[in-house]
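For reference, the structure is listed below as structure tokens.
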Amino acid sequence: MKLSISIYALSLLLGVSHADCGVDGGTIVVANPNYDLLDELEACSTIFGDILVDPAFVYLILEGPQEITGTVIAHDNEILKYVSLPDVRKLGGFSFVNPKITGRISFPEMTEIGNLEWRDITWMYEDDYLEWGAGKLVTISNLNVEGTDLSGFLRDYKSSLDDSFYYDGLEQLQNAGNVRVVGNRRMDSVVFPGLKTISGALIVGDNVYFPEGGEGRLRISLPVLESAGSVAIYDINVYRGPSGGEIDLPVLGHVFGDLNVTDIMGLTEISLPALTDIDAALRLTGNKVLKTVDFPELRRVSQVVLDGDFEKISFPALEEVSSFRVVTPGNFDCSSLGHIREIAGEFSCTGKNGSDDPEGPPSSTSDVPAPSPSDTGSSPTTTTKEPSVTSGGSTAVNQPGQTDDPATTSSPESTSGPDATGGAGGIPTSENPTNPSETEPATSGASSMRRSPFGIIFTVFKRWM
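As numbered in mature numbering (1 follows the signal peptide of the UniProt record, and there is no 0), residues -19 to -1, 1 to 446 make up the sequence shown, in order.
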């Protein structure tokens, strides 16, 4: 313990004692009444290391620097009214957690952030909002939004003075590594209008809002998203109305890992008309009112698991699948999947006409393979289990809750302790680590889709007969 404290103290000394611009891996503590430190930092074009804002600090304004390599950490701040970095274009990270007042954050020239974390941001009054200005932000390596009262990511709260907005949202965001939006209590709409690529995981779960007269419907829309490392959309601890939910990914063409949509009450529509390749598994389970499953362009997928009350299942372009399993108590006719039965290494369908399975039907729905959830870190008020997001067979990268840099994932016990550093590792998450099974997928490379030996033997034997 003494050694770690000594090393931390040395990093602080090296970072600021020379009145220079910090050191990578160090932490600069901004606290009252050391205002001269801000004047020294404003002379730097690049600030190295993290900046830790003391909970009793009121205004953090740094004019001049164009880059900060570390993370600006503002946790449990009691009276922080303003964070302004007017000239910074590239920031290692910004972690804004559990503020007592929402304040104002202004990053007008910023185009790139490593880790952006908004967590436990709650409103004291009904008309509260986060004043956030970052209209040029196009790239985020890791985005984590958890346990907040934010309504979404579109511009909101228009100024009465001009055409500006008090809340810029993330409308200009084009590229992201990982996106995690979990447990937000006033968010029934997750929309990223400009986001084109997600190289890692897209995780959306347990976001719900019941406005007056509303039903807690879920809307997820990424209208220009072309590719994703993996997709996991789920509900576990929320109630929704009986209908009206939709997931719209109209130009998504390739998912390099799993695509899971599970347990969403009221989900009536999933639209992925351009999707051609899923390197790992497609799982649609527990969506009680989803009647139609239609993937008109999907040609290649490793595994398909469908469990629900379906009336229509359509994969007209499917050419390659290792395992295809359907369990439905509804009116779906399994014989309509004859062409898939011919190409699948393993095939089973239990529906209206009984089982269509050369090796016999599964004894129950529990025989259908499904994600294996494990205990996860929670949003502030509940403990949830997030479904697994597994690799498509290539090298995986760091995942929420599994970063090699614990400093980015936990709120410091004290604002001057060694654990208060940010860094630029994986997605910053809550103090309780997120689900270890949220393994981030590979972002490129071919799938390892091979038929099982038994499936191949059966196919050959059937053709001989």
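Positions of the beta carbon are idealized from the N, C-alpha and C atoms, including for glycine.
Source: prediction; values computed, not measured.
Inset, instruction - Report, in whole angstroms, the separation of the C-beta atoms of Gly114 and Ile86, which I expect to be a contact under 8 Å. - result: 7 Å
Legend entry - Simplified DSSP state of Ile245, which is helix, strand or coil: coil
Legend entry - Burial state of Asn159 (16 or more Cβ within 10 Å): buried
Legend entry - Start-end ranges of the alpha helix (DSSP H) lying completely within the region 80 to 134, minimum 4 residues: none
Inset, instruction - Along the alpha helix (DSSP H) that carries Glu59, what are the first and last residues, could you check? - result: Looking at the DSSP string, Glu59 is not in any alpha helix (DSSP H), and its letter there is neither H nor E.
Inset, instruction - Label Ile251 either buried or exposed according to how many other C-beta atoms from any shown protein chain fall within 10 Å of its C-beta, with 16 as the threshold for buried. - result: buried
Inset, instruction - Enumerate in chain order the residues of its own chain whose CB-to-CB distance from Glu278 is below 7 Å, with the five nearest sequence positions on each side excluded. - result: Pro254, Ala255, Leu256, Thr257 and Ala298
Inset, instruction - Pull up the distance between the alpha-carbon of Gly267 and that of Thr243, whole angstroms please. - result: 5 Å
Inset, instruction - Note the first and the last residue of the continuous alpha helix (DSSP H) segment covering Glu23. - result: Asp17 to Glu23
Inset, instruction - Would you mind stating whether Lys293 and Thr273 have Cβ atoms separated by less than 7 Å? - result: yes
Inset, instruction - Counting only runs of 3+ residues fully inside the region 257 to 308, write out the beta strand (DSSP E) ranges in chain order. - result: 258 to 266, 273 to 275, 281 to 288, 293 to 295 and 301 to 308
Inset, instruction - Specify the secondary structure class of Ile321 as computed by DSSP and reduced to three states. - result: helix
Legend entry - Endpoints, beta strand (DSSP E) assigned at Cys330: Glu327 to Gly332
Inset, instruction - Count the other C-beta atoms from every protein chain shown that fall within 10 angstroms of the C-beta of Asn13, then say buried if there are 16 or more, exposed otherwise. - result: exposed
Legend entry - Burial state of Leu56, where buried means 16 or more other Cβ atoms lie within 10 Å: The sequence given here places His at residue 56; Leu does not occur at that position. It is buried - the Cβ of His56 has at least 16 other Cβ atoms within 10 Å.
Inset, instruction - Give the secondary structure of Ser375 by DSSP, where H, G and I count as helix, E and B as strand, and everything else as coil. - result: In this predicted model, Ser375 has a pLDDT of only 38, less than 50, meaning its place in the structure is not dependable; the value taken from the coordinates is given anyway. In the structure shown, Ser375 sits in coil (DSSP, three-state: anything other than H, G, I, E or B).
Inset, instruction - Please name the residue, chosen from Asp288, Arg200 and Gly326, that lies closest to Asn188 on a Cα-to-Cα basis. - result: Arg200
Inset, instruction - Please report how far the alpha carbon of Ser122 lies from the alpha carbon of Glu23, in whole angstroms. - result: 26 Å
Legend entry - Neighbour-count burial assignment, Pro80, 16 or more Cβ in a 10 Å radius: buried
Legend entry - Through-space distance from Leu41 to Val190, alpha-carbon basis: A small correction: the amino acid at residue 190 is Tyr; Val does not occupy that position in the sequence shown. Cα to Cα, the separation comes out at about 33 Å.
Legend entry - Burial state of Thr27 (16 or more Cβ within 10 Å): exposed
Legend entry - Endpoints, beta strand (DSSP E) assigned at Ala213: Ser208 to Tyr215
Inset, instruction - Return the CA-CA distance between Ala351 and Ile214, expressed in angstroms with no decimal places. - result: Summary for Ala351: the model assigns pLDDT 40, below 50, so the residue's position carries little reliability; its value from the coordinates is reported in the next sentence. C-alpha separation (whole angstroms): 14 Å.
Inset, instruction - Look up Ser170 in the DSSP assignment and say whether it is helix, strand or coil. - result: strand
Inset, instruction - Measure the alpha-carbon distance for Thr52 versus Gly289 and round it to whole angstroms. - result: 44 Å
Inset, instruction - Output the boundary residues of the beta strand (DSSP E) element that contains Gly3. - result: Gly3 to Val11
Inset, instruction - Would you mind giving the Cβ-Cβ distance between Ile60 and Ala37, rounded to the nearest angstrom? I have them listed as a contact below 8 Å. - result: 7 Å
Inset, instruction - With a cut-off of 8 Å on the beta carbons, I'd call Asp31 and Thr8 a contact; round off their distance for me. - result: 5 Å
Legend entry - Classification of Tyr16 by the beta-carbon crowding that lies within 10 angstroms, buried from 16 upward: exposed
Inset, instruction - Please report how far the alpha carbon of Tyr147 lies from the alpha carbon of Leu131, in whole angstroms. - result: 13 Å
Inset, instruction - State the Cα-Cα distance for the pair Gly84 and Val232, rounded to the nearest angstrom. - result: 37 Å
Legend entry - Test item: CB-CB of Phe328 and Phe291 under 7 Å: no
Legend entry - Of the listed residues Leu118, Asn165 and Ile179, nearest to Thr103 (C-alpha basis): Asn165
Legend entry - Segment limits, beta strand (DSSP E) that includes residue 449: Within the shown structure, residues of the chain are numbered from -19 to 446, placing residue 449 beyond reach of any answer.
Legend entry - Given Leu151 as reference, the closest of Arg167, Thr120 and Met168 once Cα atoms are compared: Thr120
Inset, instruction - Buried or exposed for Glu44, please, with buried defined as at least 16 other CB atoms from any protein chain shown within 10 angstroms of its CB. - result: exposed
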